[in-house]
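Quick note on numbering that gives the first Met the number 0: the sequence shown kicks off at 0 and runs consecutively.
Worksheet: one structure, shown below.
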Amino acid sequence: MKTLAPYGTWESPVTVENITDTGNSLGLVDILVDSVTSKIYHIETRPAEGGRDALLLTESGRDITGPEWDVKSKVNGYGGAPAIVHDGVCYFCHAADGRIYKVNVEVPNNGPEAITPGNSFHKFANYDVYPLDRNVLVCVFEDATAAKSPSEVVNSLCFLDVSTKQVFPLESDASFYSSPKFSPDGKRLVWVEWDLPDMPWNGTEIWIADVVAAPGSSSPLVLKNRRHVAGEHSRISVAYPSWLSNDSLIFTSDISGFENPWTYDCTAGVAKAVFETPMEESFGCTNPPKKLGWSPYAVIDVQSTVAVFTAIKDGRSVLCRVDLAAGTAVLLPSPYVEISHIRPLRSDQFVFIGTTTDAAPALVQCTLPATSDAVFLELQSAAQGSTLPRDDVSLPRPLKLLVPHELGTRLVHVIYYPPTNSRFAGLDGEKPPCVLNVHGGPVGISPQSFNATKQFFTTRGWAWLDVNHRGTSGYGRVYMELLRESWGVVDVEDSIDAARILSAPPHDLIDPKRVVIRGQSAGGFTTLSALSVWADNSVFAAGTSLYGVSDCERLQKESHKFESGYFEMLFGRDPQVARDRSPIFHAEKIVAPLLILQGAADTAVPPSQAEIMVESIRKRGGVVEYQLYAGEGHGWKRKDTIEDALRREIQFYSRVLGIECKGV
């Protein structure tokens with residue numbers, strides 16, 4: 000029989016130490032498959048080792064590089080695609096100096112060797128090995144050597160000669176590049192490019208070019224005969240190109256309003272949709288590609304006619320077997336609701352990072368027998384919070400809220416997690432306090448997968464509510480475009496409406512007087528906006544901004560190149576709009592207590608954004624708590640930071656709401 004106790008005071012099996020100490024890894028970052036040997040490798044974040052990312056051989060768990068190496072790229076500020084393994088040789092980027100290193104993974108205790116010159120202004124990522132000469136790589140190259148401002152940083156594709164340790168920049172006319180890949184015969188190169196003010200989910204283009212030898216030139220290869228494959232600036236987003244054969248490509252395009260698979264015939268110069276009638280599901284990654292190297296599919300048969308895609312259906316990832324020739328898609332039942340980093344393994348196998356609703360992320364191998372259902376084998380688990388008994392796990396309840404509108408109703412997607420504890424129940428007549436969480440991006444998405452932070456709260460008797468406001472990805476381009484020029488309006492409206500609707504009949508799920516709002520990055524901006532610009536003190540009792548934006552006008556001037564044009568999409572071209580929606584210019588309206596957590600090394604949202612807000616609130620005698628974490632960037636990596644931030648947050652809410660906080 001359960002013990003009756005006030006919501007928010009329950010004794011929980013989840014502590015801050017559980018989240019960082021269960022196993023050595025907090026999260027799976029990436030999967031690598033050696034296309035020659037078919038060996039599987041993975042990258043994982045290790046909070047107990049200063050937040051470094053370690054590269055491991057999955058089958059043995061052997062650390063390929065050693066404890067002094069941090070396998071992480073910083074291209075575009077968000078990084079991604081820091082390593083590749085080809086025929087037993089790994090090429091990776093070391094975060095401390097940005098250089099590319101080479102190490103033979105087949106030889107234990109073999110130290111990495113630098114293969115790019117030492118230059119703190121250089122950044123590399125997203126590599127591919129030239130099929131005809133393993134000493135030549137192509138990759139994305141970011142050069143800030145001559146840059147006096149972020150806009151002057153040069154992004155390009157480059158060839159890298161491993162034997163001479165020389166870098167040869169190639170294409171640099173576009174603002175950004177990603178996904179360079181050689182054709183199997185080495186005669187062609189494909190890549191994605193886009194220009195400011197676009198982001199990679201607004202408008203991109205796929206190009207191909209011929210790869211030819213360059214006798215008499217210092218560069219081993221050059222590109223000739225550029226051809227446009229698909230995509231259009233500001234209107235059509237294309238992504239994730241890879242080669243089906245020497246003469247054909249597969250990629251995704253959202254020209255229909257949803258990301259769907261397409262193919263391209265290089266000889267005919269024709270792009271074609273795989274589905275005759277577009278499917279109203281996004282066959283893409285769960286989140287928009289801010290980071291490099293993501294992949295939502297794997298081509299798995301020898302004839303390159305079958306691919307397995309992850310699609311997003313009702314906010315959840317699903318697996319689909321797509322027949323590229325027939326133009327059909329068949330759902331593959333799976334327990335995973337968030338799926339990413341799909342990599343081909345063998346003709347009937349692929350691997351991916353998958354998360355269920357009740358367990359931590361895992362590295363999963365899937366086999367597709369010809370006559371039976373898909374077989375899933377978990378090779379590695381991130382382990383964070385995985386010891387939580389199933390009876391204590393709060394499961395997601397996705398809800399579609401209809402909000403009255405001048406034209407009828409509008410839709411808001413939310414995910415509700417009820418207070419859940421096998422030993423405790425709430426008091427009769429009491430409704431739980433609620434953490435309303437706003438995702439980052441701001442075009443990101445809150446998935447319905449297991450998350451230890453959410454369980455940290457729900458096992459203590461808190462409700463948790465994720466708001467996938469207008470502008471969220473995964474629900475189609477039309478829903479995402481509702482954020483255009485409306486950031487700071489539609490996201491705040493949807494958050495306020497969600498809190499009000501779920502605290503009133505017929506839902507009656509949360510206590511309207513004990514709702515707190517929190518968010519990371521863009522979600523932090525929504526939090527600050529809700530408490531300042533909108534200043535509706537009847538909705539939120541407190542708020543937490545984790546590295547959130549407070550001065551949009553100032554951030555636009557301070558921002559790194561990658562997001563320097565983003566503000567035009569979010570606010571329009573009138574600078575006064577960005578100023579009017581900046582929380583810093585409405586700080587005097589803030590009445591609710593506020594907690595601000597910030598990384599000192601954050602380049603996406605610099606500490607100045609937090610500090611000007613704190614100073615303004617303190618000047619007028621408002622209630623604000625502030626913590627700056629040395630060495631942390633845009634998101635927490637270190638064990639002590641993760642624990643301290645979570646502990647501060649729940650203790651802050653408990654003080655404000657008068658809740659006895661136990662066992663933190």
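Glycine included, every Cβ here is placed at the ideal spot set by N, Cα and C.
Remember, predicted model here, so these are calculated numbers, not experimental data.
Assign residue 24 to one of three DSSP states: helix, strand, or coil.
By 1-based counting over the sequence shown, the position of residue 24 is 25. Confidence at residue 24 is low in this model, with a pLDDT of 47, below 50, so its placement is unreliable and no value can be given for it.
Just reading off the beta strand (DSSP E) that residue 8 is part of, what are its end residues?
Residue 8 sits at position 9 when you count from the first residue of the sequence shown. Looking at the DSSP string, residue 8 is not in any beta strand (DSSP E), and its letter there is neither H nor E.
Contact between the segment 576–584 and the segment 516–531 is defined here as three or more beta-carbon pairs at a separation below 8 Å; is this criterion met?
yes
Per DSSP, which one or two residues make a beta bridge with residue 403?
By one-based count along the sequence shown, residue 403 stands at place 404. Note: residue 403 sits in a beta bridge opposite 408.
Only counting the same chain, and skipping five residues up and downstream in sequence, which positions put a Cβ closer than 8 Å to that of residue 489?
Within the sequence shown, residue 489 is the residue found at index 490, counting from 1. The answer, listed in chain order, is 468, 469, 470, 481 and 482.
Is the segment 561–578 in contact with the segment 590–599, if contact means three or more CB pairs nearer than 8 Å?
no
Leaving out five residues before and five after residue 518 in sequence, what residues of the same chain have Cβ atoms less than 6 Å from its Cβ?
Stepping through the sequence shown from its first residue, residue 518 is reached at position 519. For residue 518, where only same-chain residues beyond five positions count, the Cβ hits under 6 Å are 437, 525 and 526.
Assign residue 275 to one of two classes, buried (16 or more other C-beta atoms within 10 Å of its C-beta) or exposed (fewer than that).
Here residue 275 corresponds to residue number 276 of the sequence shown, with the count starting at 1. Burial state of residue 275 is exposed, judged by a 10 Å Cβ sphere holding fewer than 16 other Cβ atoms.
Are the segment 8–21 and the segment 328–336 touching, with three or more C-beta to C-beta distances below 8 Å?
no
List in chain order: all unbroken beta strand (DSSP E) runs of 3+ residues lying wholly within the segment 163–208.
Here the runs fully enclosed are 165–168, 175–181 and 187–193.
Give the list of continuous beta strand (DSSP E) stretches no shorter than 3 residues that lie fully inside the segment 513–595.
Along the segment 513–595, the beta strand (DSSP E) occurs as fully enclosed runs of 3 or more residues at 514–519 and 541–545, listed in sequence order.
Between 133, 98 and 605, which has its C-alpha nearest residue 117's C-alpha?
For the purposes of this step, residue 117 is identified with residue 118 of the sequence shown, where counting begins at 1. Minimum Cα distance to residue 117 is reached at 98.
My guess is that residue 7 and residue 461 are in contact by the Cβ rule of under 8 Å, so how many angstroms apart are they, rounded?
Counting from 1 along the sequence shown, the entry for residue 7 is found at position 8. Counting from 1 along the sequence shown, the entry for residue 461 is found at position 462. Rounded, the Cβ-Cβ distance is 6 Å, consistent with contact.
Tell me which residues share the same chain as residue 9 and place their Cβ nearer than 8 Å to its Cβ, disregarding the 5 neighbours each side in the sequence.
Within the sequence shown, residue 9 is the residue found at index 10, counting from 1. Within the same chain, residue 9 has close Cβ partners 418, 420, 422, 423, 458, 459, 460 and 661.
Looking only at DSSP bridge pairs, what is residue 598 linked to?
Within the sequence shown, numbered from 1, the residue matching residue 598 stands at position 599. Answer is 628.
Assuming residue 200 contacts residue 287 (C-beta within less than 8 Å), just tell me the rounded distance between them.
Numbered from its first residue, the sequence shown carries residue 200 at position 201. Numbered from its first residue, the sequence shown carries residue 287 at position 288. About 4 Å separates the two Cβ atoms, so the contact holds.
For residue 263 and residue 203, I'd like the C-alpha separation in whole angstroms.
Here residue 263 corresponds to residue number 264 of the sequence shown, with the count starting at 1. Here residue 203 corresponds to residue number 204 of the sequence shown, with the count starting at 1. Distance between the alpha carbons of residue 263 and residue 203: 16 Å.
Between residue 277 and residue 259, what straight-line distance do the alpha-carbon atoms span, to the nearest angstrom?
Indexing the sequence shown from 1 puts residue 277 at position 278. Indexing the sequence shown from 1 puts residue 259 at position 260. So the alpha carbons of these two residues sit roughly 7 Å apart.
Examine the Cβ distances between the segment 49–64 and the segment 79–96 and report whether three or more of them are shorter than 8 Å.
The count of Cβ pairs closer than 8 Å, one atom from the segment 49–64 and one from the segment 79–96, reaches three, so the stretches are in contact.
For residue 198, count neighbouring C-beta atoms within 10 Å of its own C-beta (all shown protein chains included) and say buried if the count is 16 or more, exposed if not.
Taking the first residue of the sequence shown as 1, we reach residue 198 at position 199. Buried, because 16 or more other Cβ atoms sit within 10 Å of the Cβ of residue 198.
Should residue 412 and residue 475 be called a contact, given that it needs their Cβ atoms to be closer than 8 Å?
Counted from its first residue, the sequence shown places residue 412 at position 413. Counted from its first residue, the sequence shown places residue 475 at position 476. Cβ atoms of residue 412 and residue 475: not closer than 8 Å.
My assumption, with CB atoms under 8 Å, is that residue 352 sits in contact with residue 309. Please give the rounded CB distance.
Walking along the sequence shown from the start, residue 352 turns up at place 353. Walking along the sequence shown from the start, residue 309 turns up at place 310. Contact between residue 352 and residue 309 fails: their C-beta atoms lie close to 10 Å from each other, not under 8 Å.
Among the residues of its own chain, which have a CB less than 7 Å from the CB of residue 623, if the five just before and after it don't count?
Translated into the one-based positions of the sequence shown, residue 623 becomes position 624. The answer, listed in chain order, is 593, 595, 613, 616 and 617.
Using 8 Å as the threshold, is the segment 490–505 in touch with the segment 527–535, meaning 3 or more CB pairs across them?
yes
Along the beta strand (DSSP E) that carries residue 682, what are the first and last residues, could you check?
Here the chain comprises residues numbered 0 to 663, so residue 682 is not present and cannot be evaluated.
Using the C-alpha atoms, what's the distance from residue 83 back to residue 100?
Position 101 of the sequence shown, counting from 1, holds the residue named residue 100. Position 84 of the sequence shown, counting from 1, holds the residue named residue 83. Taking the straight line from one Cα to the other gives about 11 Å.
Buried or exposed, going by whether 16 or more other CB atoms sit within 10 Å of the CB of residue 513?
Residue mapping note: residue 513 aligns to position 514 of the sequence shown, counting from 1. It is buried - the Cβ of residue 513 has at least 16 other Cβ atoms within 10 Å.
I'd like the list of long-range same chain contacts for residue 621, defined as Cβ closer than 7 Å, with 5 residues on each side in sequence excluded.
Within the sequence shown, residue 621 is the residue found at index 622, counting from 1. So the list reads 589, once near-sequence residues are dropped.
Can you list the alpha helix (DSSP H) stretches of 4 or more residues lying completely in the segment 422–461, in chain order?
If we require 4 residues or more, the alpha helix (DSSP H) runs fully inside the segment 422–461 come out as 451–457.
With DSSP as the reference, label residue 471 as helix, strand or coil.
Mapped onto the sequence shown, residue 471 falls at position 472. Coil.
Between residue 324 and residue 43, what straight-line distance do the alpha-carbon atoms span, to the nearest angstrom?
Along the sequence shown, one-based indexing puts residue 324 at 325. Along the sequence shown, one-based indexing puts residue 43 at 44. Between the C-alpha atoms of residue 324 and residue 43 there is a straight-line separation of about 37 Å.
Which class does residue 13 belong to by DSSP, given the choice of helix, strand or coil?
If you number the sequence shown from 1, residue 13 lands on position 14. Here residue 13 sits in coil by DSSP.
Which class does residue 383 belong to by DSSP, given the choice of helix, strand or coil?
In the sequence shown, the residue the question calls residue 383 occupies position 384. Low confidence applies to residue 383: its pLDDT is 47, below 50, so where it sits in the model is not reliable, and the reading given next is rough at best. Looking at residue 383 - three-state DSSP - the assignment turns out to be coil, as it is neither helix nor strand.
Ignoring anything shorter than 3 residues or poking outside the segment 295–333, list the beta strand (DSSP E) runs there in chain order.
296–298, 305–312, 315–322 and 327–331
Using a threshold of 8 Å, state whether the C-beta atoms of residue 210 and residue 185 are closer than that.
In the sequence shown, counting from the first residue as 1, residue 210 sits at position 211. In the sequence shown, counting from the first residue as 1, residue 185 sits at position 186. Yes, Cβ-Cβ distance for residue 210 and residue 185 is below 8 Å.
Output needed for residue 377: all residues of its chain with C-beta closer than 6 Å, excluding positions within five of it in sequence on either side, in chain order.
As a first step, residue 377 is located in the sequence shown; it is residue number 378 there, counting from the start. The beta carbon of residue 377 sits closer than 6 Å to those of 361 and 363, all from its chain and outside the five residues before and after it, given in chain order.
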